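Residues in the sequence shown are numbered consecutively from 1, following UniProt numbering.
Notes to accompany the following structure.
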Amino acid sequence: MSQHPSDLYRTPQAAPPAQSLPRRDMRDAIRSSVTPPAAALTSQPPQQSLELAQRYELLNRLGVPPVANEDFDGLARDMAEQAGFLYGFVNLFLQEQTFVGLHQPPADSGYVIVGRTMSRNHGWCPEVMARKKALPLHDVHASPRFSGNAVVDAVGIRSYFGAPLVHDSGTVLGTVCVIDPQKRPLAEARRLRDIVINASAQVMDHITRAPVR
1 MSQHPSDLYR
11 TPQAAPPAQS
21 LPRRDMRDAI
31 RSSVTPPAAA
41 LTSQPPQQSL
51 ELAQRYELLN
61 RLGVPPVANE
71 DFDGLARDMA
81 EQAGFLYGFV
91 NLFLQEQTFV
101 GLHQPPADSG
111 YVIVGRTMSR
121 NHGWCPEVMA
131 RKKALPLHDV
141 HASPRFSGNA
151 VVDAVGIRSY
161 FGAPLVHDSG
171 TVLGTVCVID
181 PQKRPLAEAR
191 RLRDIVINAS
201 AQVMDHITRA
211 PVR
């Protein structure tokens, strides 16, 4: 279901806490498998429904619950700090874009506070999912194709760098990305692109090798 970006991103009035998803440990994940809601499958075109079902099946097999996770939050923070960006995300592309890893400014910083989910139709991560390779946007307004986006004005994004989370099976689980209200020089684009590509490799290594707590 599509949501207006103002429902997802808001400027804090009195330092409200960021929204968060419940956390579960590895034992909970094994006992309780996560399946896509039937409506999420039937409302999608056949190919997208198949891909969504494959993502849920793979996450269940790997024992990765699609909920907020401290390790993924840490990976999002490290990625954002390396890039010098305000926001970092580890994003599973499910019924909604689900930010299992999230780094952002403090709630009282005056910057926009980001929730843990967003419509599948918003942002540039859907483009990364479709192309299955990194998308470097040092200035989102440099191209009309990427400038007209529902979250540009709502969040004030000027730069975006994202890379896909691709399993060895070929299934694309989601993305990692960083965003910032300041554009970046074109000369920095390759370095920033490499940071998110390296971060995507770290996330996939964590997903496939390390237990999720």
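Backbone N, C-alpha and C fix where the C-beta goes; we use that ideal spot for every residue, glycine too.
All values derive from a computational prediction rather than experimental measurement.
Only buried fits N149, as 16 or more other CB atoms lie within 10 angstroms of its CB. In the three-state DSSP reduction, S159 falls in the strand class (E or B). For H103, the secondary structure class from DSSP, reduced to helix, strand or coil, is strand. Here T208 is exposed: its Cβ has fewer than 16 other Cβ atoms, across all protein chains shown, within 10 Å.
Three or more beta-carbon pairs drawn from the region 74-91 and the region 99-116 are found closer than 8 Å, and the two stretches are therefore classed as touching.
Residue pairing from DSSP places D180 in a beta bridge opposite S159.
Looking from the CA of D194, the closest CA among P181, M118, I179 and A83 belongs to A83. With a 10 Å radius around the Cβ and a threshold of 16 neighbouring Cβ atoms, S109 comes out exposed. Within the DSSP bridge table, the entry for G174 names L92 and L165 as partners. Take the alpha-carbon of R191 and the one of G63: they are about 33 Å apart. Here the alpha carbon of A134 sits roughly 15 Å from the alpha carbon of G88. Beta-bridge partners assigned by DSSP to L135: G162.
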